[in-house]
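Every letter in the sequence shown is one number past the one before it in numbering that gives the first Met the number 0, and letter 97, counting from 1, is 96. Heads up, the beta-carbon is just placed ideally off N, CA and C, and yes, glycines get one too.
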Amino acid sequence: MAREPLHGWPRRLLHLVTLIAAPALTGAWILHNLNLYRRKGPRLGAPVVRIDYSRDWNGRAVEADWERLREASVVTVSVDGERKRYVTDRPDPTATRP
Numbered sequence: 000m001a002r003e004p005l006h007g008w009p010r011r012l013l014h015l016v017t018l019i020a021a022p023a024l025t026g027a028w029i030l031h032n033l034n035l036y037r038r039k040g041p042r043l044g045a046p047v048v049r050i051d052y053s054r055d056w057n058g059r060a061v062e063a064d065w066e067r068l069r070e071a072s073v074v075t076v077s078v079d080g081e082r083k084r085y086v087t088d089r090p091d092p093t094a095t096r097p
């Protein structure tokens, strides 16, 4: 069942609302950005982010050998209370054999 297209006053109302709302929202966005610029000054680059993998998003301590994990094809993640461990089945190449 096809929907009837808008005719008459509903269509004119839609055009009127669009002609008012679009420039108003654009102007508000421009004023918002100008206010940010006045408060913080020009953007000089991306903010510096400290990369810290010692804790996850939930505050659990993270235990991982990132170098070994980088080469692994399978990584197992286990959570034990307040600890999160990332392990791989791949043997440690620096470990000594008996």
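- As summarised for the region 4 to 48, the continuous alpha helix (DSSP H) elements at least 4 residues long and confined to that stretch are 8 to 39, given in chain order.
- Going by DSSP, residue 54 is part of no alpha helix (DSSP H) at all; its letter is neither H nor E.
- With contact defined as three or more Cβ pairs closer than 8 Å, the region 43 to 61 and the region 22 to 29 are not in contact.
- It is roughly 14 Å from the alpha-carbon of residue 4 to the alpha-carbon of residue 14.
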